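Everything on this sheet refers to the single structure shown next.
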Amino acid sequence: MQKKYLQWSLYLAGLLVLLAASVVLSLSVGEMNLGFMDIFSILRKGHESMEYTILSQIRFPRVLLGIAVGGALSLSGILLQGVYRNPLVEPYTLGISGGASLGVAFAIVFGLHLLVGSFVLPIAGFAGSFLIIFLVYTISTRNGRVNIQTMLLTGVMISFIASSAMMLLMATTSSENLHGIIFWIMGSLDEPDMSLIYITLIIALVSLVVSYLFVQPLNALRLGEEKAKHLGINTDTAIKLIFLVASLLAGVSVAVAGVIGFVGLIIPHLMRLLVGSDYRILLVTSFLSGSIFLVLSDVIARTIISPNELPIGVITGIAGGIAFLLMMSHTSIRSLNKSR
Amino acid sequence: MINILNIQNLGCGYPKFQLSEINFEIPKGSFAGIIGPNGSGKTTLFRAITGILGLKTGKILLSDKNLKSFSLRERAQNIAIVSQFIEAGDMSVEDYVLMGRIPYHSRFNFFETNEDFSIARKYMEMTDTWRFKDQLMSELSGGEQQLAGIARALTQQPQLLLLDEPTSHLDITHQVHILNVLQQLNQEMGLSVLMVIHDLNLASEYCDRLILVNQGKIHTQGTPEEVLTFQNIEDVYKTVVVTQNNPLSGKPAVFLASRKVLKDIQEKLSKL
Chain A
1317 MQKKYLQWSL YLAGLLVLLA ASVVLSLSVG EMNLGFMDIF SILRKGHESM
1367 EYTILSQIRF PRVLLGIAVG GALSLSGILL QGVYRNPLVE PYTLGISGGA
1417 SLGVAFAIVF GLHLLVGSFV LPIAGFAGSF LIIFLVYTIS TRNGRVNIQT
1467 MLLTGVMISF IASSAMMLLM ATTSSENLHG IIFWIMGSLD EPDMSLIYIT
1517 LIIALVSLVV SYLFVQPLNA LRLGEEKAKH LGINTDTAIK LIFLVASLLA
1567 GVSVAVAGVI GFVGLIIPHL MRLLVGSDYR ILLVTSFLSG SIFLVLSDVI
1617 ARTIISPNEL PIGVITGIAG GIAFLLMMSH TSIRSLNKSR
Chain B
11 MINILNIQNL GCGYPKFQLS EINFEIPKGS FAGIIGPNGS GKTTLFRAIT
61 GILGLKTGKI LLSDKNLKSF SLRERAQNIA IVSQFIEAGD MSVEDYVLMG
111 RIPYHSRFNF FETNEDFSIA RKYMEMTDTW RFKDQLMSEL SGGEQQLAGI
161 ARALTQQPQL LLLDEPTSHL DITHQVHILN VLQQLNQEMG LSVLMVIHDL
211 NLASEYCDRL ILVNQGKIHT QGTPEEVLTF QNIEDVYKTV VVTQNNPLSG
261 KPAVFLASRK VLKDIQEKLS KL
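Chains as they are written, first to last, in the numbering used here: chain A, 1317 to 1656; chain B, 11 to 282.
Put into structure tokens, the structure is as follows:
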């Protein structure tokens, strides 16, 4: 076997172990601490105990949602960075979060969630983000060809418009609604509806598999659009489809968990530093480390000022940002990378 | 003799610049060069052949088959392109060269086969880039990157190799080295080569056919002796030149004269 493939298997195995460890940590830590070993015996004993209820009703759903949303956001980020060949692009740059926030703000201001039920919020968020995606996509497509630069600028502009429109809604609504909107925007893995969690997880995993169909275009696009075409890649189709997959991932994540920033920007960067620029390994490692990062951030968010909970977006922003700056200042990682 | 490339009445371009009435043939196994001033349409012609730019009129035949009937993948299996600059950044030289196998991989081929590795290795050894295989592309010099680009193109195992000014930003050592590599590939493997090249003397020395392009049309084509006459060059480049044969190869060489020298000569002539 090639040395390269061996190394990839090691990265993969390492991240899976880390993910398992963070899942166990997340299950055991909280208002009521459970021993690592106890978790298994509690689960085996089943339904009766309070510990079992805490695990299955409160912690397990959070962990699942953390895996799904963290993976989805990170995968979305790496896909978009691959398409745009721009390391500063993340799922929210293109106005996807702005659209979702606007949709949710709209639903709250007009009391749709009281009228129909709270499940309307994720639907409104999803509708909002897909409206934005549709706009960005149509505006930047001409004669069946997408112009990547136009697309980026359009996304940024529409994102501004969406956030201004949301400010407008917030300025004119009651303080009670305002609180609801702000709380939603800050993001949380607290989702009572289990079926929504499963849907998110399935979409995230299916997208991961689907994104592997675009590994060749992504790898070829590292050389630029024209040179990718020289290698026989139909870049127009690939770019459109990758954009749609990335948007779907981000839209679903934002709709279910609110605006959780930085995951889609920082994790892909870290992975590039660690595993190199080949998308065959980047996609799956980005997904896994996004999951790990969000599960751990959630642990911090709900333990640091326990029994209260911090918005997870705050943790991902602060912890992620600092960790990233530290990584950047340690250039040794880059030189490690070179020896491959 | 089979023509590797046969271009008939080609017309294409952009709103502000058009190529028209382009007709030429390149026999299999040729080493051909496209020359012409900046903005004459060399790159546009290249983009038409590579399929980046659609044709308005005419057709391009590759070994007697219309290029239009080729899928992008089939094109990439038959025509490989080395661009002037290679921006491969953070990937190892070997990974970069292996990308030449992409046209042969299906969507579900996630791993390179041993065959892919050995093909890449063969052409890296041929271009003397095997010794850099684990270095990053960004760590190589311009000339070495160009050689890696040629190795990647050969890894596509094409019938025709296109090069866009492969030597324009290199010193003479690297210019000659790269052209010698190409010449060797041309002679030993029978690979057909077509390159855009600025340097008229290098074009003359290495190419067996030249196509002189000017203002979107072909001015002259033929052997270096037929194309590189001082009349043709002065007509196209609007520059006074003298041509003489290279004492070693017998190929035409082009000499320039500064304005001062020309003035001095004129003064001398008027005194006579």
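Positions of the beta carbon are idealized from the N, C-alpha and C atoms, including for glycine. For clarity, every value in this text was computed on a predicted model and none was experimentally measured.
Nonlocal neighbours in the same chain, by C-beta distance under 6 Å from residue i, ignoring five residues either side
i: B:Asn-119; result: none
i: A:Tyr-1368; result: Ile-1358
i: B:Arg-219; result: Ser-40, Ala-42
i: A:Arg-1656; result: Confidence at A:Arg-1656 is low in this model, with a pLDDT of 36, below 50, so its placement is unreliable and the value that follows should be read with caution. Excluding residues within five positions, none has a Cβ falling inside 6 Å.
i: B:Pro-168; result: Asn-88, Ile-89, Ala-90
Min CB distance residue i to chain C below 9 Å
i: A:Leu-1529; result: Going by chain labels, chain C is absent from the structure shown, which instead holds the protein chains A and B.
Cα-Cα separation between residue i and residue j, rounded to whole angstroms
i: A:Leu-1343; j: A:Phe-1609; result: 15 Å
i: A:Lys-1545; j: B:Ile-188; result: 25 Å
i: A:Asn-1463; j: B:Thr-233; result: 42 Å
i: A:Leu-1469; j: A:Tyr-1400; result: 11 Å
i: A:Leu-1451; j: A:Gly-1433; result: 28 Å
i: A:Tyr-1528; j: B:Pro-262; result: 54 Å
i: A:Glu-1492; j: A:Val-1425; result: 10 Å
i: A:Leu-1453; j: A:Phe-1356; result: It should be pointed out that residue 1453 of chain A corresponds to Tyr in this sequence rather than to Leu. Answer to the nearest angstrom: the Cα atoms are 48 Å apart.
i: B:Ile-207; j: B:Ala-213; result: 7 Å
i: B:Ala-161; j: A:Leu-1537; result: 19 Å
i: B:Tyr-24; j: B:Gln-87; result: 27 Å
i: A:Trp-1500; j: A:Leu-1331; result: 30 Å
i: B:Gln-254; j: B:Leu-170; result: 32 Å
i: B:Lys-69; j: B:Leu-82; result: 16 Å
i: A:Gly-1351; j: A:Val-1340; result: 10 Å
i: B:Thr-137; j: A:Tyr-1408; result: 45 Å
i: B:Gly-61; j: A:Ile-1455; result: 26 Å
i: B:Thr-67; j: B:Ile-17; result: 11 Å
i: A:Ile-1649; j: A:His-1585; result: Because the pLDDT of A:Ile-1649 is 49, which lies under 50, any placement of that residue in the model is unreliable, and the number read from its coordinates should be weighed accordingly. Rounded to whole angstroms, A:Ile-1649 to A:His-1585 spans 12 Å at the Cα level.
i: A:Gly-1362; j: A:Ile-1616; result: 28 Å
i: A:Ser-1480; j: A:Thr-1553; result: 33 Å
Simplified DSSP assignment, three categories, for residue i
i: B:Lys-75; result: strand
i: A:Tyr-1408; result: coil
i: B:Ile-14; result: strand
i: B:Ala-90; result: strand
i: A:Gln-1318; result: coil
i: A:Thr-1488; result: helix
i: A:Ser-1569; result: helix
i: A:Arg-1656; result: Note that A:Arg-1656 has pLDDT 36, beneath the 50 cutoff, so the model's placement of it is unreliable and no number is given.
i: A:Thr-1369; result: helix
i: B:Ser-116; result: coil
i: B:Gln-254; result: strand
i: B:Ala-263; result: strand
i: B:Glu-35; result: strand
i: B:Leu-171; result: strand
i: A:Ala-1384; result: helix
i: A:Thr-1551; result: helix
i: B:Met-205; result: strand
i: B:Thr-137; result: coil
i: A:Ser-1607; result: helix
i: B:Arg-111; result: helix
Proximal residues to residue i (C-beta, below 7 Å), its chain only, five neighbours per side dropped
i: B:Cys-217; result: Phe-41, Ala-42, Gly-43, Pro-234
i: A:Ala-1520; result: Ala-1384, Gly-1387, Ala-1388, Leu-1565
i: A:Val-1591; result: Tyr-1327, Ile-1597, Leu-1598, Thr-1601
i: A:Val-1568; result: Ala-1388, Phe-1442, Thr-1516, Ile-1519
For residue j and residue i, believed in contact at Cβ under 8 Å, the rounded distance
i: A:Val-1420; j: A:Ile-1497; result: 7 Å
i: B:Met-147; j: B:Tyr-106; result: 5 Å
i: B:Ser-93; j: B:Asp-174; result: 5 Å
i: B:Ile-36; j: B:Leu-20; result: Wrong, their Cβ atoms sit about 13 Å apart, outside the cutoff.
i: A:Val-1436; j: A:Leu-1428; result: 5 Å
i: B:Asp-126; j: B:Arg-111; result: 4 Å
i: A:Leu-1535; j: A:Asp-1594; result: Position check: residue 1535 of chain A holds Asn in this sequence, whereas Leu was assumed. Contact flag correct, Cβ pair sits at about 6 Å.
i: A:Gly-1540; j: A:Ser-1475; result: Incorrect: roughly 26 Å between the Cβ atoms, too far for contact.
i: A:Gly-1503; j: A:Ile-1628; result: 5 Å
i: A:Ser-1523; j: A:Val-1575; result: With a Cβ gap of about 19 Å, A:Ser-1523 and A:Val-1575 do not count as contacting.
Own chain partners of residue i with C-beta closer than 8 Å, once the 5 adjacent residues on each side are dropped
i: A:Leu-1335; result: Ile-1383, Leu-1604, Ser-1607, Ile-1608, Val-1611
i: A:Ile-1513; result: Pro-1377, Leu-1380, Leu-1381, Ala-1384, Glu-1507, Val-1572
i: B:Asn-242; result: Leu-222, His-229, Thr-230
i: B:Thr-249; result: Ile-243, Leu-266
Interface residues of the stretch 250-261 of chain B facing chain A [CB-CB below 8 Å]: none
Interface residues of the stretch 1383-1402 of chain A facing chain B [CB-CB below 8 Å]: none
What residues from the stretch 1536-1549 of chain A come within 8 Å of chain B, judged by C-beta to C-beta, listed N to C? So the list reads Ala-1536, Arg-1538, Leu-1539, Gly-1540, Glu-1542, Lys-1543, Lys-1545, His-1546, Leu-1547, Gly-1548, Ile-1549, given in the order they occur along the chain.
Contact list for the stretch 133-156 of chain B against chain A, Cβ threshold 9 Å: Asp-144, Gln-145, Leu-146, Glu-149
Give, in chain order, every residue of the stretch 1577-1602 of chain A whose Cβ lies closer than 8 Å to some Cβ of chain B. Arg-1588, Gly-1592, Ser-1593, Asp-1594, Arg-1596
Cβ-based contacts, 8 Å cut-off: residues of the stretch 1321-1334 of chain A near chain B: Going along the stretch 1321-1334 of chain A in chain order, one finds Tyr-1321 with a Cβ nearer than 8 Å to chain B.
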